[in-house]
Every structure is written in structure tokens, then in C-alpha cells.
Amino acid sequence: MSEWLKEVEPLTQKGQISVPYSWWAGETAGRFLESLRDERKILGTRCSGCGKVYVPARKSCSRCFVDITEWVEIGDEGVIEAFTVVRYAHPVQPVQAPFAYALIRLDGADVGFLHLIKKDLEKIGVGRRVKAVFKAERTGHILDIDSFELL
């Protein structure tokens with residue numbers, strides 16, 4: 005290290021920098037999100053190796069590591085496998101409390117799909133059937149499905 009660096013006091017300034025950015029969701033997630041936005045359809049992918057159906061769609065199988073190329077339309081109904089009710093507001097939450105996060109196994113899928121339930125929280129339970137409620141205006145985001153409602 006140069007000798008003069010030992011004698012110099014560092015100058016610091018506190019502040020924040022805004023760095024707006026966007027990124028490509030990728031081929032698989034992009035198609036999944038476009039289907040929500042443009043067609044109000046939930047798509048999954050089926051592994052040709054083990055037959056497992058993933059929702060949201062995945063590019064490769066986490067079970068047998070095969071690249072997945074087959075797309076399947078999944079219904080907009082399913083069953084609650086697990087849930088937790090959020091009663092306290094926090095800035096990072098996608099909606100105002102109270103609401104529930106629910107792990108939902110959609111009809112035709114082999115894995116759970118994590119999403120929101122906003123109504124009838126006192127009636128929520130494992131095994132209850134639910135149906136997706138799409139927003140009227142969609143943007144290509146997972147929250148184009150506004151929430152799931154109990155049936």
C-alpha cells in the first residue's frame with residue numbers, strides 16, 4: 005500500500021440511491037404469467053420422466069432433473085393443504101391484514117401453490133376447496149390472481 009494512503013482520512017457521505025430496474029421472467033415463468041394475464045388460465049408443466057405436474061410452471065423437474073417441455077392447463081380450483089392467517093399489518097405484505105397465506109393443491113397439479121385468501125378466514129381449514137379469483141385488470145404478475153375464495 006502507498007504510504008500516503010495511511011495518512012488520508014476517508015471521506016464518507018450517507019445517502020440513498022434509487023436504482024429502478026426490470027428483469028425478464030424467463031421463458032417458462034414468462035409463459036405462465038402471460039397466461040394469467042391474457043387468458044385467465046393457470047398453466048403447469050408436466051415432467052416427461054416422472055409425470056409430475058408443477059404449478060407454477062417449472063423448466064426442469066426437481067425430482068428427476070429432466071428438462072420439462074409439456075404444458076398443461078390446470079383448473080382454477082383446488083384444496084387447501086396448509087395455511088396461516090396474518091393478522092398484523094407489515095409493509096412487505098402484498099395486501100392489508102387480515103388475510104391468509106394458503107398452500108393450495110390445484111386440481112391436476114402434484115405440488116402446492118402458495119397464494120392468498122382474503123375472505124371467510126374464520127371458515128378456512130385444511131381440506132377446504134377453493135377457487136381462483138382473477139383481477140379485472142391484469143399485468144402479468146402472480147397477483148393477477150387476486151386471491152382464492154372458499155367454495
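Read in order, the letters of the sequence shown correspond to residues 5 to 155 in the numbering used here.
For each residue, glycine too, the CB sits at the ideal point set by N, CA and C.
Since we're looking at a predicted model, the values are computed, not measured.
Provide the residue span of the beta strand (DSSP E) that contains residue i, from first to last.
i	result
Gly-116	That residue, Gly-116, is in no beta strand (DSSP E); it is neither H nor E in DSSP.
Lys-10	Here Lys-10 belongs to no beta strand (DSSP E); instead the alpha helix (DSSP H) covers 7–11.
Gly-129	Counting along the chain, Gly-129 falls outside any beta strand (DSSP E), and DSSP gives it neither H nor E.
Quick one, are the C-beta atoms of residue i and residue j less than 9 Å apart?
i	j	result
Ile-78	Ala-113	yes
Gly-82	Asp-42	no
Phe-138	Leu-40	yes
Ile-146	Leu-47	no
Val-57	Val-76	yes
Asp-80	Arg-44	yes
Kindly list the residues whose CB is nearer than 6 Å to the CB of residue i, restricted to its own chain and excluding five residues on each side of it in sequence; keep chain order.
i	result
Cys-54	Arg-67, Cys-68
Bridge partners of residue i, per DSSP?
i	result
Trp-75	Thr-49
Glu-153	Lys-135
Val-23	The partner list for Val-23 (beta bridge, DSSP) is empty, contrary to what the question assumes.
At which residues does the alpha helix (DSSP H) containing residue i begin and terminate?
i	result
Ala-33	31–43
Using a Cβ-Cβ cutoff of less than 8 Å, which residues in the same chain neighbour residue i once the five nearest sequence positions on both sides are dropped?
i	result
Lys-63	Gly-30, Glu-31, Thr-32, Thr-49, Asp-71, Ile-72
Ile-108	Gly-82, Val-83, Ile-84, Glu-85, Gly-116, Phe-117, Leu-118, His-119, Val-134, Phe-152
Ile-128	Ile-84, Phe-87, Val-89, Ala-104, Ala-106, Ile-121, Leu-154
For residue i, I'd like the list of residues in its chain whose CB is within less than 7 Å of its CB, leaving aside the five on either flank, ordered along the chain.
i	result
Arg-142	Leu-40, Arg-41, Asp-148
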